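Peer 1: Heads up: the sequence shown begins at 13 in our numbering, then just goes up one per residue. Just so you know, even glycine gets a beta-carbon here, dropped at the ideal spot from N, CA and C. Given the structure is predicted, the values throughout are model-derived calculations rather than measurements. Dumping the structure here so I can ask a few things about it.
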Amino acid sequence: MKGPLFYSKILLFGEYGIIKDSKGLSIPYNFYNGALKSDSVLSPEAEKSNKSLAAFADYLEELSENDDDFVTFDLQLLKNDISSGMYFDSSIPQGYGVGSSGALVAAIYDKYAKDKITVLENLTREKLLKLKSIFGAMESFFHGKSSGLDPLNSYLSLPILINSKDNIESTSIPSQNSEGKGAVFLLDSGTVGETAPMVQIFMEQMKNDGFRNMLKNQFIKHTDACVEDFVSGNIKSLFGNLKQLSHVVLDNFKPMIPVKFHELWKKGIETNDYYLKLCGSGGGGYILGFTEDFEKAQTALKDYKLEVVYNF
Numbered sequence: 013m014k015g016p017l018f019y020s021k022i023l024l025f026g027e028y029g030i031i032k033d034s035k036g037l038s039i040p041y042n043f044y045n046g047a048l049k050s051d052s053v054l055s056p057e058a059e060k061s062n063k064s065l066a067a068f069a070d071y072l073e074e075l076s077e078n079d080d081d082f083v084t085f086d087l088q089l090l091k092n093d094i095s096s097g098m099y100f101d102s103s104i105p106q107g108y109g110v111g112s113s114g115a116l117v118a119a120i121y122d123k124y125a126k127d128k129i130t131v132l133e134n135l136t137r138e139k140l141l142k143l144k145s146i147f148g149a150m151e152s153f154f155h156g157k158s159s160g161l162d163p164l165n166s167y168l169s170l171p172i173l174i175n176s177k178d179n180i181e182s183t184s185i186p187s188q189n190s191e192g193k194g195a196v197f198l199l200d201s202g203t204v205g206e207t208a209p210m211v212q213i214f215m216e217q218m219k220n221d222g223f224r225n226m227l228k229n230q231f232i233k234h235t236d237a238c239v240e241d242f243v244s245g246n247i248k249s250l251f252g253n254l255k256q257l258s259h260v261v262l263d264n265f266k267p268m269i270p271v272k273f274h275e276l277w278k279k280g281i282e283t284n285d286y287y288l289k290l291c292g293s294g295g296g297g298y299i300l301g302f303t304e305d306f307e308k309a310q311t312a313l314k315d316y317k318l319e320v321v322y323n324f
């Protein structure tokens, strides 16, 4: 057995801010993907995944029993498949902010949900919000509270524009310019990030008036502007806002940036060769980079592994 592929995602803008109603923009990233598979003999990695799926199936059963409105799954089939050696075969790195659990949640919903909302139907805002809510409840099994956006992106394989908590839509983004010098890229921090502790730090800081004001008047302001610029293809304005956003993150989200990258982050802002921002919750994994001249950024970051996600 081999199921369809589900892709990783990248939240270009909106990390942390979407918790407090900023705009956000999430895009599928086809470089990494995962699929449900079955084998009679499992590798240690597949066995670990199989055990995790068994615990996830129990969690879904509990969710269904406690909430009559929650989606119904064919739990018998799911459990039978797990007993027969099903696992999630994935190239998506875990703890890197590119949605490894999101792809798994999308795959399980796709195969086992009854009366599921499909990609082929007219996806109204109500249907998107319903899917996001289902996926949020499902994904909470993996790392505490989940917005449901990662699985939604993976399931639809479309860019998702978040206008606010209750207003999301699939969107189109400007076509890539394969000849362009500019790029969005991933920088590998070389360490794994844990989502839950980072969100915990953020929630603690939210108790502080100064932090809340900064979030509203600076972080969300620049995030919203970046989303609007990116979707409309206004590159000049985008890089002005990115510089501001990168600065705000360096000044106010230091615990989420691995210490050895503080200087590198600052250097980008000072030289304008590149601007860095958090990819997902931070704390490790990938760091997201934006540059108007990828060759320049490559030279400045020659000691690090970079992956291009999108060309301007």
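The beta strand (DSSP E) with phenylalanine 242 in it runs from where to where?
Peer 2: On the sequence shown, position 230 is the one that residue 242 refers to. From DSSP, phenylalanine 242 is part of no beta strand (DSSP E) but of the alpha helix (DSSP H) over 232-244.
Peer 1: Considering only C-alpha positions, which residue in the set Val260, Ser113, Ser187 is nearest to isoleucine 104?
Peer 2: Position 92 of the sequence shown, counted from the start, is the residue given in the question as residue 104. It is Ser113.
Peer 1: Can you give me the Cβ contacts of alanine 66 inside the same chain, cut-off strictly under 7 Å, excluding the 5 residues immediately before and after it?
Peer 2: On the sequence shown, residue 66 is found 54 positions in, with the first residue counted as 1. Taken in chain order, the residues that qualify are Ile94.
Peer 1: Under a Cβ-count criterion, where at least 16 other Cβ atoms within 10 Å of its own Cβ denotes burial, should proline 56 be classed as buried or exposed?
Peer 2: To locate residue 56, count along the sequence shown from 1; it is residue 44. It counts as exposed.
Peer 1: Quick check on the DSSP output: the beta strand (DSSP E) that includes phenylalanine 197 runs from which residue to which?
Peer 2: In the sequence shown, residue 197 corresponds to position 185, counting from 1. Per DSSP, phenylalanine 197 belongs to the beta strand (DSSP E) from 195-200.
Peer 1: If I measure Cβ to Cβ from lysine 266 and keep anything under 8 Å in the same chain, skipping five residues before and after, which residues do I get?
Peer 2: Within the sequence shown, numbered from 1, the residue matching residue 266 stands at position 254. These residues qualify, in order along the chain: His274.
Peer 1: Less than 8 Å between the C-beta atoms of valine 196 and tyrosine 322, yes or no?
Peer 2: As a first step, residue 196 is located in the sequence shown; it is residue number 184 there, counting from the start. As a first step, residue 322 is located in the sequence shown; it is residue number 310 there, counting from the start. Yes, Cβ-Cβ distance for valine 196 and tyrosine 322 is below 8 Å.
Peer 1: Alpha carbon to alpha carbon, how far is leucine 344 from leucine 89?
Peer 2: With the chain represented from 13 up to 324, any question about residue 344 goes unanswered, as that position is not in the structure.
Peer 1: Count the other CB atoms, across all protein chains shown, that sit within 10 Å of the CB of leucine 132; report buried if there are 16 or more and exposed otherwise.
Peer 2: Mapped onto the sequence shown, residue 132 falls at position 120. With fewer than 16 Cβ atoms within 10 Å of its Cβ, leucine 132 is classed as exposed.
Peer 1: Is DSSP giving valine 204 helix, strand or coil here?
Peer 2: Taking the sequence shown and counting its residues from 1, the one referred to as residue 204 is at position 192. Here valine 204 sits in coil by DSSP.
Peer 1: From which residue to which residue does the beta strand (DSSP E) around methionine 8 run?
Peer 2: Absent from the structure is residue 8, since the part of the chain shown begins at 13 and ends at 324.
Peer 1: Which word fits aspartate 263, buried or exposed, when buried means at least 16 other C-beta atoms lie within 10 angstroms of its C-beta?
Peer 2: Position 251 of the sequence shown, counted from the start, is the residue given in the question as residue 263. Exposed is the call here.
Peer 1: Within 10 angstroms of its Cβ, does glycine 156 collect 16 or more other Cβ (buried), or is it exposed?
Peer 2: Along the sequence shown, read from residue 1 onward, the residue named residue 156 stands at position 144. The residue is exposed, with fewer than 16 neighbouring Cβ atoms inside 10 Å.
Peer 1: Can you give me the C-alpha to C-alpha distance between leucine 250 and asparagine 165, rounded to a whole angstrom?
Peer 2: Here the question's residue 250 lines up with position 238 in the sequence shown. Here the question's residue 165 lines up with position 153 in the sequence shown. Spanning the two alpha carbons is a distance of roughly 23 Å.
Peer 1: Let me check one thing: in DSSP terms, what residues is isoleucine 172 bridge-paired to?
Peer 2: Here residue 172 refers to the residue found at position 160 when the sequence shown is read from its first residue. DSSP lists Ser38, Ser182 as partners of isoleucine 172.
Peer 1: Between phenylalanine 68 and the rest of its own chain, which residues show a CB-CB distance below 6 Å, the 5 nearest in sequence each way excluded?
Peer 2: Working through the sequence shown from its first residue, we reach residue 68 at position 56. Excluding residues within five positions, the ones whose Cβ falls inside 6 Å are Phe153.
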